[in-house]
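Peer 1: Here it is: the structure, laid out below.
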Amino acid sequence: MPHVEIKYSNNLKLDMLSLFDSIEKTINEKDDSAGECKSRAYPCLEYKYSHLLVNIALLTKSHRDKIFTKDLSKKIEKTIKIHLHQSAYFSLNIEYSSSYYTTNAHLVKGDKLEVL
Numbered sequence: 157m158p159h160v161e162i163k164y165s166n167n168l169k170l171d172m173l174s175l176f177d178s179i180e181k182t183i184n185e186k187d188d189s190a191g192e193c194k195s196r197a198y199p200c201l202e203y204k205y206s207h208l209l210v211n212i213a214l215l216t217k218s219h220r221d222k223i224f225t226k227d228l229s230k231k232i233e234k235t236i237k238i239h240l241h242q243s244a245y246f247s248l249n250i251e252y253s254s255s256y257y258t259t260n261a262h263l264v265k266g267d268k269l270e271v272l
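For what it's worth, our numbering labels the leading residue of the sequence shown as 157, then goes sequentially.
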């Protein structure tokens with residue numbers, strides 16, 4: 157269950173839902189055990205330079221080594237920049253959760269998880 161968080165200058169014209177889908181597809185093409193990406197974006201109204209900061213958190217797994225991470229990073233960067241049609245500073249961080257990380261779904265009877 158990867159998590160994707162994007163903080164960006166609000167002058168950047170981005171179709172976030174399409175970008176989220178593309179990032180999820182890129183991650184799952186590299187690692188089909190990854191699953192659904194919980195994605196959020198935070199537009200910033202006040203900034204000094206146009207900038208896009210992407211943080212991706214993945215669970216620690218034995219096959220997700222340095223080589224895997226470098227390759228995934230290159231692929232995600234390429235995927236994101238296809239959606240970016242303006243000049244901007246770009247930062248991407250891939251991190252791995254500790255062994256104490258908990259992830260699951262809290263399901264309430266009669267309610268559904270909201271997916272856009």
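Glycine included, each C-beta is placed from N, C-alpha and C at the ideal position. Keep in mind it's a predicted model, so treat the numbers as computed, not measured.
For residue 190, count neighbouring C-beta atoms within 10 Å of its own C-beta (all shown protein chains included) and say buried if the count is 16 or more, exposed if not.
Peer 2: For the purposes of this step, residue 190 is taken as residue 34 along the sequence shown, with counting starting at 1. Looking at its Cβ environment, which holds 16 or more other Cβ atoms inside 10 Å, residue 190 is buried.
Peer 1: Let me confirm a value: residue 180 is counted as buried when at least 16 other C-beta atoms fall within 10 Å, else exposed. Which label applies?
Peer 2: As a first step, residue 180 is located in the sequence shown; it is residue number 24 there, counting from the start. Its Cβ being crowded by 16 or more others within 10 Å, residue 180 is buried.
Peer 1: Got a sec: does the ligand MN put a non-hydrogen atom nearer than 7 Å to the Cβ of residue 177?
Peer 2: Looking for the ligand MN in the displayed structure turns up nothing, as the structure carries no ligands at all.
Peer 1: With a floor of 3 residues, list each beta strand (DSSP E) that falls wholly inside the stretch 169 to 219, ordered by position along the chain.
Peer 2: 194 to 200, 207 to 214
Peer 1: What did DSSP end up calling residue 163 once you bin it into helix, strand or coil?
Peer 2: Residue 163 sits at position 7 when you count from the first residue of the sequence shown. Reduced to three states, the DSSP call for residue 163 is strand.
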